[in-house]
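Okay, so here's the structure we're looking at.
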Amino acid sequence: MHDERPGPGIDTSSPSVARGYDHWLGGKDNFEVDRTVLEAVEEIAPEARPLAQENRNWLIRAVRFLSSPLHAGLDQYLDLGCGLPTMQNVHQVAQANNPDAVVVYVDNDPTVAAYGRAMLAENENTHFSINDLRHPEDILHDPVVTRNLDFDRPIALIHSGTMHHVDDEHRPREVVQRYLQTLAPGSYVAMSHFSWPPDSEEYREMAREIQGTLNKMLGSCWWRSNEEVLSFLDGTEVLPPGLVRTVDWWPEGPSLTAKSEITNLIFGAVARKP
Numbered sequence: 017m018h019d020e021r022p023g024p025g026i027d028t029s030s031p032s033v034a035r036g037y038d039h040w041l042g043g044k045d046n047f048e049v050d051r052t053v054l055e056a057v058e059e060i061a062p063e064a065r066p067l068a069q070e071n072r073n074w075l076i077r078a079v080r081f082l083s084s085p086l087h088a089g090l091d092q093y094l095d096l097g098c099g100l101p102t103m104q105n106v107h108q109v110a111q112a113n114n115p116d117a118v119v120v121y122v123d124n125d126p127t128v129a130a131y132g133r134a135m136l137a138e139n140e141n142t143h144f145s146i147n148d149l150r151h152p153e154d155i156l157h158d159p160v161v162t163r164n165l166d167f168d169r170p171i172a173l174i175h176s177g178t179m180h181h182v183d184d185e186h187r188p189r190e191v192v193q194r195y196l197q198t199l200a201p202g203s204y205v206a207m208s209h210f211s212w213p214p215d216s217e218e219y220r221e222m223a224r225e226i227q228g229t230l231n232k233m234l235g236s237c238w239w240r241s242n243e244e245v246l247s248f249l250d251g252t253e254v255l256p257p258g259l260v261r262t263v264d265w266w267p268e269g270p271s272l273t274a275k276s277e278i279t280n281l282i283f284g285a286v287a288r289k290p
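If you use the working numbering, the sequence shown closes out at 290, no skipped numbers anywhere.
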């Protein structure tokens, strides 16, 4: 059962990207209008639901890598378009390696703001900024960000499943590049993005259908080529294994679990600013 009573300022007449992901991840902070969108996607690709969990699993692995003293060892995180809280959030993963790690979450969805602030109130090293990731200057000058992150030291920038919701009109490459320009040397960026499957016309057609449905019902979703996504990371060193399917991004060795063909639709990478 879902509690369909929205909090103050939450619009339930239109679907929300954050609430849609929440539904696919098994959360309860979503409404019928959100579930209808994803049901339409599942009519095109019945196996699509695991995409959200695969992306989340990739994010967890990436943050473990970024926070591990054996790897990047970072203690500052800026998570853009963070979405609703779920299991193993960025601050929980990072602080498992370093209890002093500071995380600033950013999202402009009122539902995320309501639930996120309530959850984060108990953690003094975790903060929330209500802003739109498409406007870097607003975020980079937000007191919540500037007060809690030291931009003279390395920071981990998180773009997990966000930039494929930014259309070309908003110049996604320039958006990412603006954040990267601000980061100190030794900073990292972790990015996942819907990507055209390179070797499967069947899944390219499926991606086109899903893209059309999500743009019609949700207002945002764009697949891009791996070359386009890599251009967002210009000026950085993309770490092995490169921009690959998120299920293939295993810095400590390959996954031994079976992989669904649907995972050809989302790729991820971690890169370092020299």
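All C-beta atoms, glycine included, are put in the ideal place defined by N, C-alpha and C.
- Straight-line measurement puts the Cα of Leu156 at about 7 Å from the Cα of Thr162.
- Counting only runs of 4 or more residues that sit fully inside the stretch 154-208, the alpha helix (DSSP H) segments are 159-164, 188-198, in chain order.
- Under the Cβ criterion (8 Å, minimum of three pairs), the stretch 141-161 does not count as touching the stretch 47-63.
- In this model, Glu221 and Glu243 are separated by some 19 Å (Cα to Cα).
- Distance check between Val120 and each of Pro126, Gly97, Gln227, Gly42 places Gly97 closest, using alpha-carbon atoms only.
- Minimum Cα-Cα distance from Pro31 among the listed residues Arg240, Lys232, Asp250 corresponds to Lys232.
- Contiguous alpha helix (DSSP H) elements confined to the stretch 48-92 occur at 48-60, 66-83, taking only those with 4 or more residues.
- Distance from the Cα of Ile174 is smallest, within the candidate group Arg35, Ala110, Ala223, for Ala110.
- Here Pro256 is exposed. Its C-beta has fewer than 16 other C-beta atoms within 10 Å.
- Bounds of any alpha helix (DSSP H) do not take in Ala137, whose DSSP letter is neither H nor E.
- In the DSSP assignment, Gly36 falls within the unbroken alpha helix (DSSP H) covering 33-40.
- The C-beta separation of Phe210 from Ile282 comes to about 6 Å, placing the pair in contact by the 8 Å criterion.
- By the beta-carbon neighbour count (other beta carbons within 10 angstroms, threshold 16), Asp184 is exposed.
- The residues Gln92, Leu94, Val118, Val120, Ile171, in chain order, have a CB closer than 8 Å to that of Leu165 in the same chain once the five nearest residues on each side in sequence are set aside.
- Taking the Cα positions, Ser247 is about 13 Å away from Val205.
- Rounded to the nearest angstrom, the gap between the Cα atoms of Leu41 and Ala68 is 6 Å.
- With respect to Met207, Ala285 sits close: the two C-beta atoms are nearer than 8 Å.
- Straight across, the Cα-Cα distance linking Val53 with Tyr131 is about 22 Å.
- Membership of Ile226 in any beta strand (DSSP E) is not indicated; the residue belongs instead to the alpha helix (DSSP H) covering 217-233.
- Within 10 angstroms of the beta-carbon of Leu230 lie 16 or more other beta-carbons, which makes it buried.
- Between the C-alpha atoms of Asp158 and Phe167 there is a straight-line separation of about 13 Å.
- In the DSSP assignment, Ile146 forms a beta bridge with Asp123.
- Taking a contact as a CB-CB distance under 8 Å, the pair Arg35 and Phe47 counts as one, their CB atoms being some 7 Å apart.
- Burial is judged here by how many other beta carbons sit within 10 angstroms of a residue's own beta carbon; His39 has at least 16 and is buried.
- For the pair Glu70 and Thr262, the CB atoms are nearer than the 8 Å cut-off.
- Comparing C-alpha distances from Asp250 to each of Ala223, Val79, Tyr195, Arg133 shows the shortest one belongs to Tyr195.
- Relative to Gly177, the option among Ser276, Leu90, Cys237, Asp125 whose CA is nearest is Cys237.
- For the stretch 234-284, the full-length alpha helix (DSSP H) segments reaching 4 residues or more read 242-248 along the chain.
- Judged by DSSP in its simplified three-state form, Ala117 adopts coil rather than helix or strand.
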